[in-house]
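J.: First the structure, then my questions, so here it is.
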Amino acid sequence: MAITSIKNLKEFSTNNDRFEGAHTLCPGCAHSMIVRELMNCTDDNLVVATNTGCLEVSTAVYPFTSWDTSWIHIGFENAPSAISGAEAMHKARKKKGTLKDGEAPVKFVAFGGDGSTFDIGFQWLSGAMERGHDFTYICLDNENYANTGGQRSSATPIGATTSTAQAGT
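Sequential numbering of the sequence shown, starting at 469, is according to the working numbering.
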């Protein structure tokens with residue numbers, strides 16, 4: 469996925485936020501900073517998919533949303549499937565000529581936590597990559613299933629304590 473342009477620091481600092489601060493992520497959580505940096509670093513149109521997890525439940529509390537872009541919420545492990553479907557639809561529309569002339573480039577991004585990436589969603593991510601879909605996948609690794617009680621994931625470091633693993637296991 470080629471980035472059309474990269475902003476310098478002055479341009480970046482005056483950019484309108486495409487990820488609003490009205491979320492309920494935990495204080496100090498890096499998810500909001502990572503998402504904001506990615507969303508604001510380009511003027512390209514973005515289609516974003518998030519699966520159920522910390523990022524989704526904290527950024528789309530009805531009737532509010534932090535997303536100032538096209539956004540897809542999908543089941544716990546399926547962000548790669550949803551974004552690969554959106555990317556395939558866009559590619560098909562380009563091929564058929566049904567997109568507007570001069571329409572800005574569209575970039576596709578999927579976010580998943582470490583549980584949905586390393587554990588229950590790896591097959592969806594692997595399949596999308598094997599099929600050659602053009603999107604960026606970002607794993608927000610907080611080293612446990614933080615949204616559901618802090619259970620260990622396969623990305624939890626050896627020796628870490630979680631609600632389902634004692635230190636050193």
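The beta carbon of each residue, even a glycine, is placed where N, CA and C say it ideally should be. Source: prediction; values computed, not measured.
Where do the ends of the beta strand (DSSP E) carrying Val-577 lie?
T.: Counting from 1 along the sequence shown, the entry for residue 577 is found at position 109. Start and end: 574-581.
J.: In the structure shown, what three-state DSSP assignment does Leu-567 receive?
T.: Position 99 of the sequence shown, counted from the start, is the residue given in the question as residue 567. Residue state, collapsed to three classes: coil.
J.: Does the distance from the CB of Ser-500 to the CB of Leu-493 come in under 8 Å?
T.: Here residue 500 is taken as the residue at index 32 of the sequence shown, counted from 1. Here residue 493 is taken as the residue at index 25 of the sequence shown, counted from 1. Their beta carbons are under 8 Å apart, which means Ser-500 touches Leu-493 by this criterion.
J.: Tell whether a beta-carbon distance below 8 Å holds between His-541 and Ala-528.
T.: Locating residue 541 in the sequence shown gives position 73, counting from the first residue. Locating residue 528 in the sequence shown gives position 60, counting from the first residue. In this structure, Ala-528 lies closer than 8 Å to His-541 by Cβ.
J.: Roughly how many whole angstroms lie between the Cα atoms of Asp-511 and Gln-591?
T.: Taking the sequence shown and counting its residues from 1, one reaches residue 511 at position 43. Taking the sequence shown and counting its residues from 1, one reaches residue 591 at position 123. Using only the alpha carbons, I get a separation of about 31 Å.
J.: Look at the alpha carbon of Thr-630 and the alpha carbon of Gly-583, and state the distance between them as a whole number of angstroms.
T.: The sequence position of residue 630 within the sequence shown is 162, counting from 1. The sequence position of residue 583 within the sequence shown is 115, counting from 1. The straight-line gap from Cα to Cα measures roughly 13 Å.
J.: Helix, strand or coil for Ser-534, going by three-state DSSP, please let me know.
T.: For this step, residue 534 is matched to residue 66 along the sequence shown. Of the three classes helix, strand and coil, the one that applies to Ser-534 here is coil, per DSSP.
J.: Considering only their Cβ atoms, is the gap separating Phe-603 from Trp-535 smaller than 8 Å?
T.: Taking the sequence shown and counting its residues from 1, one reaches residue 535 at position 67. Taking the sequence shown and counting its residues from 1, one reaches residue 603 at position 135. No, the pair does not count as a contact, with Cβ atoms beyond the cut-off.
J.: Could you spell out where the alpha helix (DSSP H) holding Leu-506 opens and where it closes?
T.: For the purposes of this step, residue 506 is taken as the residue at position 38 of the sequence shown. Segment 499-508, the alpha helix (DSSP H) holding Leu-506.
J.: Taking Cβ to Cβ, would you say Ile-551 is nearer than 8 Å to Ala-498?
T.: By 1-based counting over the sequence shown, the position of residue 551 is 83. By 1-based counting over the sequence shown, the position of residue 498 is 30. Not in contact: Ile-551 and Ala-498 (Cβ atoms no closer than 8 Å).
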